[in-house]
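J.: Numbering (our numbering), first residue to last: 1 to 162.
Ideal Cβ placement from N, Cα and C applies to all residues, glycine included.
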Amino acid sequence: MNAAIIKEINKEYIEAVELYEKDIKKSASLESYINLAFLYWCFAFELFEFNIPNNISEKLSVIGGNRYSKILGLGLNNYPNSMELNFWKRYFSHISFGEEFSDNDCKQLIVKYRNDENIIPYFYLYLFDKKKYETEKNKLLDECSVKPTAKNIYIRSIIEDK
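Set out below in structure tokens:
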């Protein structure tokens with residue numbers, strides 16, 4: 001397993017970011033771009049939920065706000081047909097800035113990138129129709145449990161039955 005992912009799973013987020021940044025300066029995996037963009041987004045927009053409990057500084061919050069979309073862009077340059085990168089780009093804009101992102105928009109992403117079997121967008125669709133997307137939700141919960149990165153913890157927090 002990638003050293004950055006191990007740091008992230010251990011909630012050593014600052015060290016994880018440093019390692020992901022090194023990864024993307026060479027030939028990084030899709031997962032490195034996604035995880036780094038997600039961490040930066042958390043730093044920028046999840047003050048009470050993420051930054052305070054994890055001691056993320058205001059300086060890193062500003063860096064996150066400046067970097068998360070750049071990292072997404074770099075990832076999309078290298079992996080333009082990634083359903084997950086395209087999903088997070090839309091999702092972050094929706095959650096952070098209120099840009100329209102309907103369940104139909106999400107379904108269109110799934111159709112457009114149907115060759116990518118990634119199921120991450122289904123956590124969002126599950127919010128619209130819990131019964132229809134129950135199977136995908138359960139698969140996602142299993143995946144998130146195996147690799148508890150910040151992204152997967154976030155997804156679990158949204159779709160896990162409380």
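Counting C-beta neighbours from all protein chains within 10 Å, is the total for residue 62 16 or more, i.e. buried, or is it exposed?
T.: Taking the sequence shown and counting its residues from 1, the one referred to as residue 62 is at position 62. Per the 10 Å Cβ criterion, exposed.
J.: Per the contact definition of three or more C-beta pairs closer than 8 Å, is the segment 78–98 in contact with the segment 50–58?
T.: The segment 50–58 is not in contact with the segment 78–98.
J.: Going by beta carbon distance, what residues of the same chain come within less than 7 Å of residue 118, once the five residues before and after it are set aside?
T.: Indexing the sequence shown from 1 puts residue 118 at position 118. Closer than 7 Å at Cβ, skipping near neighbours: 83, 84.
J.: Find the nearest neighbour of residue 104 within the set 42, 88, 128, judged by alpha-carbon distance.
T.: Reading the sequence shown from its first residue, position 104 is the one you call residue 104. When C-alpha distances from residue 104 are compared across 42, 88, 128, the shortest belongs to 128.
J.: Can you name, in chain order, every residue of its own chain whose Cβ lies under 8 Å from the Cβ of residue 54, other than the five neighbours on each side?
T.: If you number the sequence shown from 1, residue 54 lands on position 54. Within the same chain, residue 54 has close Cβ partners 11, 13.
J.: Which runs of the alpha helix (DSSP H), 4 residues or longer, sit entirely within the segment 10–79?
T.: 13–24, 30–45, 58–78
J.: CB residue 163 to CB residue 91, shorter than 7 Å?
T.: As shown, the chain starts at 1 and ends at 162. That puts residue 163 outside it, with no answer to give.
J.: Along the chain, where does the alpha helix (DSSP H) that runs through residue 153 open and close?
T.: Sequence index remark: in the sequence shown, residue 153 carries index 153 (1-based). Where residue 153 is concerned, the enclosing alpha helix (DSSP H) stretches over 150–159.
J.: Assign residue 17 to one of two classes, buried (16 or more other C-beta atoms within 10 Å of its C-beta) or exposed (fewer than that).
T.: For this step, residue 17 is matched to residue 17 along the sequence shown. Buried, because 16 or more other Cβ atoms sit within 10 Å of the Cβ of residue 17.
J.: Suppose only complete runs of 4+ residues qualify. What are the alpha helix (DSSP H) ranges in the segment 89–143, listed by chain order?
T.: Counting only runs of 4+ residues, the alpha helix (DSSP H) found wholly inside the segment 89–143 occupies 103–112, 121–128, in chain order.
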